[in-house]
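Protein chains in written order, with the numbering used here: chain A, 68 to 486; chain B, 234 to 624.
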């Protein structure tokens with residue numbers, strides 16, 4: 068009896084420890100402040116602390132710039148695209164002569180789809196002497212990068228991190244994408260006005276600050292329009308089985324399902340929702356943006372809508388120019404996700420700021436990025452001056468179609484508006 | 234995080250039968266894995282923590298089999314047949330048996346004469362090795378999944394518990410007809426005018442709004458009709474999963490109770506050393522145990538990855554199910570075969586009931602709570618006998 072008991076306790080402790088290892092991935096991410104998802108950029112700007120550290124200075128003939136992306140793990144499609152976009156921007160910049168006769172060297176950090184790895188990567192890059200960091204795509208990762216960079220006084224230009232309160236980490240944080248305070252309302256407006264939905268249920272990834280913020284901003288605006296959020300269910304990244312949550316949501320009789328998480332879970336959720344008889348419209352944010360969604364979502368995900376930053380098929384000259392550069396570098400392949408373009412935009416904007424920077428150090432670079440106006444990005448015009456790090460940008464709603472039709476088909480453009 | 238306070242107020246009784254059914258279907262997978270834990274414990278008194286990773290490799294085997302059969306991502310065949318499922322199941326069970334035998338032969342057997350804690354640490358080490366080392370040669374980023382087209386059993390089986398109100402149903406059907414008419418009017422307008430449905434003029438907007446209005450009315454009536462009845466809807470694939478599990482368990486029971494090897498296995502489990510003295514080839518029995526346990530894990534993995542559509546597979550695929558199945562084995566009484574099955578089903582139901590009660594975020598935590606409660610109050614498990622063990 069005693070022996071069995073002791074064996075089992077040992078084993079149980081080991082089991083709990085194993086479980087802990089598995090859960091470690093998101094611990095730091097969930098500690099992000101909650102409930103500030105709909106803060107307006109102006110309010111966020113007021114609360115932004117300024118880093119006091121001196122930052123890095125350029126030593127020698129090369130200017131070191133860092134990019135952080137997930138080169139392994141679930142978010143590999145985004146990490147690879149954003150890093151490739153950054154590489155193209157740097158090559159282009161160096162080919163054009165660099166700045167002050169100095170060339171730029173791009174150092175790459177791998178965040179491995181984990182928040183704590185993103186932080187480690189940022190610290191490594193800064194100790195290697197980068198004067199600015201580009202990245203990341205996921206908000207939970209970027210918050211950690213921003214915290215690490217705050218201590219050192221190095222500017223951060225986020226690629227696709229849309230969580231609204233991200234830029235309140237400090238005056239050193241910028242982004243080239245829209246925020247969830249805009250993305251959520253856009254999808255709410257689209258659902259309410261274009262699709263005629265009135266009773267929407269939410270499904271939120273509790274492990275991702277991005278998903279929590281997006282669900283909240285969708286919820287607030289959809290309710291403001293007169294719609295009703297009939298229920299919200301939660302899951303955690305990495306879960307594979309959603310029938311319990313879906314059964315609860317189905318009982319609430321929604322006519323739409325807003326899935327604010329990442330494509331990695333959205334695909335299985337859509338398939339299992341359809342299997343559970345929840346035959347409604349599925350909607351989501353830019354976290355859906357990977358053709359992998361078609362593999363994990365099967366036929367269930369076709370005909371769903373999500374919000375994105377730009378579309379390969381747009382007729383603006385910047386898009387065509389970017390695509391031809393990308394194809395030249397990638398054997399004729401188009402970028403699978405929009406993070407290629409955003410990575411390119413973020414890097415190029417930082418490099419252009421170098422030209423106007425008064426000195427080759429982090430502090431001057433931060434000031435130069437802060438004063439960027441009407442930068443002609445692939446994803447649209449970017450103005451950061453007086454915006455608190457959040458550029459006002461357009462958002463596109465796209466429909467999920469089979470790979471043969473180009474995965475994401477443009478449906479409607481929304482110009483920037485404030486709720 | 235604060236606990237939601239709607240626990241008592243917001244319980245949705247109507248979804249309870251469906252949630253219990255979901256839990257039983259889910260639990261059948263835990264039961265299959267738990268059998269592996271419990272049999273190995275019964276024979277070697279070892280908690281094989283690498284068992285979850287055998288499960289993970291089983292899912293990968295099924296994935297590779299499905300690719301080999303032609304269901305590759307983005308380019309899958311459209312139809313399927315039960316034969317494909319059999320091939321995948323067989324391959325997965327076979328591959329897992331091989332993995333199980335290799336693990337036993339090279340990781341556990343050299344440790345057998347050492348103190349038990351050495352084997353336990355070996356098991357944990359092996360588990361981590363497979364989780365992280367597996368990333369080197371298994372496709373895991375982005376995580377692949379088995380194409381749902383390989384499963385010929387699509388759709389649901391509806392089990393009515395209470396019939397729908399006929400008057401509501403008639404109303405809903407009538408309203409659905411009206412909705413179809415106005416939807417057609419809008420579609421014809423789009424076709425004839427050639428306008429973008431997301432950029433309409435006033436006429437188009439009026440038609441669209443009318444159509445959506447009718448659609449909402451129809452949906453509301455349909456919801457009312459379906460709320461007036463009560464039914465359980467079970468995906469066909471998952472039903473097949475459940476019955477396959479039952480068949481496998483019946484086969485296992487036959488092997489353990491009615492064959493010579495099964496008898497030898499029980500003898501080894503009863504007393505390892507005496508069994509060896511009585512002329513039983515203990516090593517071969519241990520190997521046989523690993524073959525059975527791993528094959529069941531392989532079957533569970535294949536069915537999990539195939540019938541729960543879109544389930545993504547990575548090298549941590551076996552971790553949570555493995556831990557939950559371990560708790561299931563302890564709950565049922567470790568070393569006890571019917572106990573593992575009961576424990577697995579209870580774990581599945583417990584998990585979905587936590588979601589039903591509104592504590593979605595605590596779905597995975599409930600396993601540990603159950604583990605602690607069982608160890609505190611009934612360390613022998615539900616069906617296990619708390620007997621004194623010879624040391």
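Yeah, the Cβ is synthetic: ideal placement off N, Cα and C, and Gly gets one too.
With a beta-carbon spacing of about 7 Å, residue 130 of chain A and residue 198 of chain A fall inside the 8 Å limit used to define contacts. Proximity of residue 589 of chain B to chain A, defined by a Cβ-Cβ separation below 8 Å, is satisfied.
Less than 8 Å divides the Cβ of residue 561 of chain B from the Cβ of residue 580 of chain B. Taking the beta carbon of residue 385 of chain B as reference, no residue of chain A falls within 9 Å; the closest one sits roughly 14 Å away. The beta carbon of residue 542 of chain B is closer than 6 Å to those of 381 in its chain, skipping five residues each way along the sequence.
Chain A has a Cβ within less than 8 Å of the Cβ of residue 593 of chain B.
For residue 460 of chain B, the three-state secondary structure derived from DSSP is helix.
Distance from the CA atom of residue 287 of chain A to the CA atom of residue 272 of chain A, rounded to whole angstroms, is 18 Å. Look at residue 314 of chain A: its C-beta is under 8 Å from a C-beta on chain B. Taking 8 Å as the cut-off between beta carbons, none of the residues of the segment 315-327 of chain B comes near chain A.
If you draw a straight line from the Cα of residue 255 of chain B to the Cα of residue 316 of chain A, it is about 14 Å long.
In the DSSP assignment, residue 448 of chain A falls within the unbroken beta strand (DSSP E) covering 447-449. When DSSP assignments are scanned along the segment 116-168 of chain A, the uninterrupted stretches of beta strand (DSSP E) that are 3 or more residues long and fall wholly within it turn out to be 129-136.
Close CB contacts of residue 416 of chain B within its chain, under the 8 Å cut and outside five residues either way in sequence, are with 444, 447, 448 (chain order). For the pair residue 559 of chain B and residue 280 of chain B, the CB atoms are nearer than the 8 Å cut-off. Within the segment 530-554 of chain B, the residues whose Cβ lies closer than 7 Å to some Cβ of chain A are 541, 542, 543, 544, 545, 549, 552, 553, listed in chain order. As summarised for the segment 502-562 of chain B, the continuous alpha helix (DSSP H) elements at least 4 residues long and confined to that stretch are 505-510, 515-540, given in chain order. Per DSSP, the beta bridge partners of residue 480 of chain A are A:463. Taking a C-beta distance under 8 Å as the contact criterion, residue 171 of chain A and residue 132 of chain A qualify as a contact pair. Put simply, of B:398, B:419, B:385, B:276 the residue whose alpha carbon is nearest the alpha carbon of residue 469 of chain B is B:385. Across the set A:319, A:401, A:293, the C-alpha of A:319 shows the shortest separation from the C-alpha of residue 244 of chain B. The beta carbons of residue 276 of chain A and residue 227 of chain A sit no closer together than 8 Å.
Cβ contact annotation for residue 298 of chain A (same chain, cutoff 6 Å, sequence separation greater than five): 268, 316, 319, in chain order. For residue 309 of chain A, there is no enclosing beta strand (DSSP E), as DSSP marks it with neither H nor E.
It is roughly 24 Å from the alpha-carbon of residue 596 of chain B to the alpha-carbon of residue 357 of chain B. Taking the Cα positions, residue 467 of chain B is about 48 Å away from residue 224 of chain A. For residue 258 of chain B, the enclosing alpha helix (DSSP H) has its first and last residue at 249-277.
For residue 337 of chain B, same chain residues with a beta-carbon under 7 Å away, outside a window of 5 residues either side, are 519, 520, 523 in chain order. Residue 480 of chain A has its alpha-carbon roughly 21 Å from the corresponding atom of residue 388 of chain A.
Annotation for residue 277 of chain A: the continuous alpha helix (DSSP H) segment containing it runs 276-292. For a Cβ distance threshold of 7 Å, residue set 322 of chain A lies close to residue 452 of chain B, ordered along the chain. Interface flag for residue 395 of chain A against chain B is unset, since no Cβ pair is found closer than 8 Å. The beta carbons of residue 376 of chain A and residue 405 of chain A sit about 5 Å from each other, so the pair counts as a contact at 8 Å.
Comparing alpha carbon positions, the residue from A:445, A:410, A:460, A:329 closest to residue 173 of chain A is A:410. In this structure, residue 332 of chain B lies away from residue 526 of chain B, with their beta-carbon atoms at least 8 Å apart.
For residue 143 of chain A, the closest Cβ of chain B is nearer than 8 Å.
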